[in-house]
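Note that the working numbering has the sequence shown beginning at 1497, numbered continuously upward.
For reference, the structure is listed below as structure tokens.
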Amino acid sequence: MNNKPLLIKNAWLCQIDSGTVNPFFGNMLIENGIITQINSADVSIQQKDFDIIDAQGRVVTIPNVNFHDHIYSRLAKGLPSLGSMQNFTEILENLWWKLDQILDFAMIKASAYMAAVESIRYGVTYIFDHHSSPLHTIGSLKILKDALSEFSIRNVLCFETTDRNGEQLKLEGIKENQEFFLHNTDENSESVFGLHASFTVEDSTLSAVRNFLEKNKIGIHIHLCEDESDRSMSLQKYGKLPVQRLLDFNLLNDKSILVHGVHLTKEEFDSIKSIKPALAVNLDSNLNNAVGTPKFENIPEEIPILCGTDGMHANIPRSQKQMFLIMRNQKLSFDKAFYLFRKMYFDQLNFIKKYFPDFLSLQVGNRADLIIWDYVPPTPMNQNNFFGHYVYGILERQVHSVIQNGKVLMNNFNLTDVDETKFNNYIYEQGKRLAKGLTQPFPKGRA
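Right, here's the structure in full:
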């Protein structure tokens, strides 16, 4: 279905214009990866030969973006118990900091395949990934990029730089970030500089990263105050709180992604608002780890709010709905919650364009990246009620079809040109290897 022009007919086309979403019932023609015509449903498209997807009244929107993923964690299902996990530090020490050291290139590739398939099913075709495989660092980002490219998923990648595994592995992490940024020429893959979190990154490391950032236009991607331990341990080890360290080393800019921010104070948010780094919230993960949730009323208008999954899954629609519900649970009024949700929706558009300037608004001439939701509105849609439909209707439904750069990745709930059995078998074999590896003794000094 990808060689001919593609007609999507009888659809609510949710176009973006001047800070509003304007649903329009009509037809859309896609040619050579570009939206070339949009007409009312009662006007025929002037084209003789095309493939057709009849949306039958369903809703078409821009694709979903996962602004914080950990693809390396995808195989972590049903693993053996590795120790106590009664608090956040124990979860890191007895799960993630053991798991990431088992990963090799085959497991990383399998993780990316699993993430890609899951992401497409949830309409996610853009992923910002924060990777860790400290014993297989050099070349790991290319493994991820190539695997995601097989599924036409655009990506912004980084490696988790940390001092927790010693000097040599820290230097390899720095090198992997630098080399990928300097030598990756794929227009569908970009990069940021990955840092784990303040409490595992020494001053000397932050200084080295600052020197690279000053020479290159690049942002950082870092966990920030996910748990109270980031604050207390940073203060104990370095004499400063995490935000102050980032400011002192001049590591923040408007391309930076700060992840979680659960334990940031209003004063700390205010101290960085003029720089305009983005905050990527990951609420399912916060709830799962029992670390709390961000206080949305403390987030200044100037700071973009983005939505991620922290590697727990690829379900950005659920994560967005979770954000709205948690805002309501924090006693924000319906007006305030809808205001902030709408802000998040447009913040993601503005932020993604810092990395992919051709990200679309569903207008003629745009790149053809879009999703069809299995949602037929029970009442008319317009710019005044779009977010009511979105929060209470669209986000509760599955994604029906996915188009990326004019290519149909999923049609009528079925992935196209993908041998899922083949991929699932490969994923399972690598998952077995990972589970077995976690039962073996760890290299001395590595866990």
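Glycine is no exception: its CB is placed at the ideal position from the N, C-alpha and C atoms.
The model shown is predicted, which means the values in this text are computed figures rather than measured ones.
Using the Cα positions of residue i and residue j, report the straight-line distance between them to the nearest angstrom.
| i | j | result |
| --- | --- | --- |
| residue 1721 | residue 1681 | 33 Å |
| residue 1891 | residue 1697 | 38 Å |
| residue 1780 | residue 1539 | 44 Å |
| residue 1641 | residue 1651 | 7 Å |
| residue 1762 | residue 1635 | 40 Å |
| residue 1935 | residue 1626 | 25 Å |
| residue 1659 | residue 1669 | 10 Å |
| residue 1445 | residue 1884 | Nothing about residue 1445 can be read from this structure; the chain reaches only from 1497 to 1943. |
| residue 1923 | residue 1614 | 13 Å |
| residue 1846 | residue 1906 | 26 Å |
| residue 1836 | residue 1663 | 42 Å |
| residue 1499 | residue 1525 | 13 Å |
| residue 1566 | residue 1603 | 13 Å |
| residue 1754 | residue 1771 | 12 Å |
| residue 1619 | residue 1583 | 33 Å |
| residue 1703 | residue 1911 | 45 Å |
| residue 1930 | residue 1509 | 44 Å |
| residue 1527 | residue 1856 | 15 Å |
| residue 1933 | residue 1570 | 16 Å |
| residue 1800 | residue 1673 | 24 Å |
| residue 1817 | residue 1895 | 15 Å |
| residue 1472 | residue 1637 | Coverage of the chain is limited to positions 1497 through 1943, which leaves residue 1472 absent and any answer about it impossible. |
Looking only at C-alpha atoms, which of the options sits nearest to residue i?
| i | options | result |
| --- | --- | --- |
| residue 1577 | 1823, 1564, 1594 | 1594 |
| residue 1874 | 1553, 1541, 1530 | 1553 |
| residue 1587 | 1572, 1839, 1600, 1697 | 1572 |
| residue 1580 | 1817, 1592, 1569 | 1592 |
| residue 1621 | 1919, 1870, 1647 | 1647 |
| residue 1714 | 1692, 1678, 1824, 1908 | 1678 |
| residue 1575 | 1590, 1565, 1564 | 1590 |
| residue 1693 | 1784, 1837, 1915, 1726 | 1726 |
| residue 1546 | 1502, 1837, 1667 | 1502 |
| residue 1612 | 1769, 1861, 1916 | 1916 |
| residue 1684 | 1854, 1898, 1882 | 1854 |
| residue 1731 | 1754, 1701, 1695, 1710 | 1695 |
| residue 1624 | 1632, 1633, 1608 | 1608 |
| residue 1953 | 1921, 1597, 1645, 1534 | Outside the modelled stretch of the chain, which goes from 1497 to 1943, sits residue 1953, for which no answer is possible. |
| residue 1690 | 1729, 1527, 1734, 1630 | 1630 |
| residue 1909 | 1852, 1743, 1897 | 1897 |
| residue 1734 | 1719, 1699, 1717 | 1699 |
| residue 1749 | 1704, 1712, 1559 | 1712 |
| residue 1686 | 1661, 1655, 1809 | 1655 |
| residue 1610 | 1921, 1841, 1895, 1505 | 1921 |
| residue 1549 | 1838, 1819, 1867 | 1867 |
| residue 1718 | 1675, 1628, 1638 | 1628 |
| residue 1599 | 1616, 1617, 1568, 1585 | 1568 |
| residue 1810 | 1507, 1649, 1839, 1676 | 1649 |
Leaving aside the five residues before and after residue i along the sequence, list all residues of the same chain whose C-beta is less than 6 Å from its C-beta, in chain order.
| i | result |
| --- | --- |
| residue 1889 | 1871 |
| residue 1790 | 1757, 1758, 1777 |
| residue 1561 | 1622, 1844, 1848 |
| residue 1850 | 1751 |
| residue 1536 | 1522 |
Under a Cβ-count criterion, where at least 16 other Cβ atoms within 10 Å of its own Cβ denotes burial, should residue i be classed as buried or exposed?
| i | result |
| --- | --- |
| residue 1926 | buried |
| residue 1723 | buried |
| residue 1878 | exposed |
| residue 1793 | exposed |
| residue 1520 | buried |
| residue 1511 | buried |
| residue 1739 | buried |
| residue 1806 | buried |
| residue 1941 | In this predicted model, residue 1941 has a pLDDT of only 43, less than 50, meaning its place in the structure is not dependable enough to derive any value. |
| residue 1785 | buried |
| residue 1605 | buried |
| residue 1821 | exposed |
| residue 1601 | exposed |
| residue 1559 | buried |
Got a sec? Which residues, its chain only, sit under 8 Å from residue i by beta carbon, not counting five neighbours each side?
| i | result |
| --- | --- |
| residue 1706 | 1745, 1746, 1747 |
| residue 1826 | 1789, 1791, 1792, 1793 |
| residue 1824 | 1830, 1833 |
| residue 1563 | 1624, 1753, 1774, 1776, 1802, 1803, 1804, 1844, 1847 |
| residue 1796 | 1765, 1766, 1769 |
| residue 1914 | 1613, 1647 |
| residue 1881 | 1875 |
Apart from the five residues just before and just after residue i, which ones in its own chain have a Cβ nearer than 7 Å to its Cβ?
| i | result |
| --- | --- |
| residue 1529 | 1863, 1864, 1901, 1902 |
| residue 1516 | 1879 |
| residue 1737 | 1727, 1730, 1731 |
| residue 1666 | 1657, 1658, 1659, 1701 |
| residue 1741 | 1694, 1702, 1730, 1734 |
| residue 1860 | 1531, 1532, 1533, 1534 |
Contained beta strand (DSSP E) runs [length at least 3] in the segment 1843-1923, N- to C-terminal order: Under the rule that a run must span 3 or more residues, the beta strand (DSSP E) segments found entirely inside the segment 1843-1923 read 1866-1869, 1895-1900, 1903-1907.
Length at least 3, wholly inside the segment 1578-1658: the beta strand (DSSP E) runs in chain order: 1620-1627, 1650-1655
Contiguous alpha helix (DSSP H) assignments of at least 4 residues, all confined to the segment 1686-1729: 1699-1711
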